[in-house]
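This report refers to the structure that appears directly beneath it.
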Amino acid sequence: MQPFIKVRGLQKSFTIAGESLDILKGIDLDINEGEMLAIMGPSGVGKSTFLHILGALDKPTSGEVFYGDIDITGLKNDALANFRNKAVGFVFQFHHLLPEFTALENTMMPALIGMGSKVRGVNGLSYKEIIKNAESLLDELGIY
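Be aware that the sequence shown starts at 58, since it is given in our numbering, and climbs by one per residue.
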């Protein structure tokens, strides 16, 4: 059985004041579908950097990250944005809703951003469908 997420030789370095700072140093990891895991460690060891790469928010210096057969490290920016919009979700430690928007509008925001100025978003949904989906999500949570 193929892992849901496969990480091979993942490295990430940053250049600070002309010096290379190695953050991730050759990580190999398989995550199977339905598996739960925790990424733990002291501050500054690269947990957030690792999660940003797994979530397609950043690219590694080298190595590969596969979601099934898709190597996200080889995707161009537009394809990566499309992948994030369709396949990735984050639960943040500190959520920050935009106070000038309603709960419904905050829930719709990711789909609206993905939609841009198009009639249909990257997920193929119309504005009315985005509203309906957001209402359904809020209803499931008992807050709409």
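Where a beta carbon is used, it is the ideal one built from N, C-alpha and C, also for glycine.
Original post:
Rounded to a whole number of angstroms, what is the C-alpha to C-alpha distance between V145 and A113?
Top reply: Counting from 1 along the sequence shown, the entry for residue 145 is found at position 88. Counting from 1 along the sequence shown, the entry for residue 113 is found at position 56. One C-alpha to the other measures close to 8 Å.
Original post:
So I110 and V102 are in contact, right, with Cβ under 8 Å, and what is the actual spacing, rounded?
Top reply: As a working note, residue 110 is residue 53 in the sequence shown. As a working note, residue 102 is residue 45 in the sequence shown. About 14 Å; that fails the 8 Å criterion.
Original post:
Touch check for the stretch 185-195 and the stretch 154-166: three-plus C-beta pairs under 8 Å?
Top reply: yes
Original post:
Hey, F49 and I84 are a contact pair by Cβ (cut 8 Å); roughly how many whole angstroms apart?
Top reply: In the structure as shown, the chain begins at 58 and stops at 201. Residue 49 is therefore absent and cannot be evaluated.
Subject >> Alpha-carbon to alpha-carbon, K143 and L86 >> reply: The residue given as residue 86 occupies position 29 in the sequence shown. The residue given as residue 143 occupies position 86 in the sequence shown. Roughly 23 Å between the two C-alpha positions.
Subject >> Supposed contact pair S119 and Q68 - C-beta distance, whole angstroms, cut 8 Å >> reply: For the purposes of this step, residue 68 is taken as the residue at position 11 of the sequence shown. For the purposes of this step, residue 119 is taken as the residue at position 62 of the sequence shown. Rounded, the Cβ-Cβ distance is 5 Å, consistent with contact.
Original post:
Is DSSP giving S105 helix, strand or coil here?
Top reply: In the sequence shown, counting from the first residue as 1, residue 105 sits at position 48. Correct three-state label for S105: helix.
Original post:
CB-CB under 8 Å to I207, same chain, minus the five flanking residues each way: which ones, in chain order?
Top reply: Here the chain comprises residues numbered 58 to 201, so residue 207 is not present and cannot be evaluated.
**OP:** Using three-state DSSP, classify D128 as helix, strand or coil.
**Re:** As a position in the sequence shown, residue 128 is number 71, starting the count at 1. In the structure shown, D128 sits in a strand (DSSP, three-state: E or B).
Original post:
Exposed or buried, what is L81 when buried is set at 16 or more other beta-carbons lying within 10 Å of its beta-carbon?
Top reply: Locating residue 81 in the sequence shown gives position 24, counting from the first residue. Buried, since its Cβ has 16 or more Cβ neighbours within 10 Å.
Original post:
Run through DSSP, which three-state label would T159 get?
Top reply: Here the question's residue 159 lines up with position 102 in the sequence shown. In the structure shown, T159 sits in coil (DSSP, three-state: anything other than H, G, I, E or B).
Subject >> Collapsed DSSP secondary structure at S193 in the structure displayed >> reply: Sequence index remark: in the sequence shown, residue 193 carries index 136 (1-based). S193 falls in the helix class under three-state DSSP.
Subject >> Identity of the residue in F61, A136, D79 nearest E11 by Cα >> reply: There is simply no residue 11 to check, as the chain begins at 58 and stops at 201 in what is shown.
**OP:** Could you name the residues of the same chain whose beta carbon sits closer than 7 Å to that of L94, not counting the 5 residues immediately before and after it, in chain order?
**Re:** The count along the sequence shown starts at 1 and reaches residue 94 at position 37. Closer than 7 Å at the Cβ level, and outside the excluded window around L94, lie I88.
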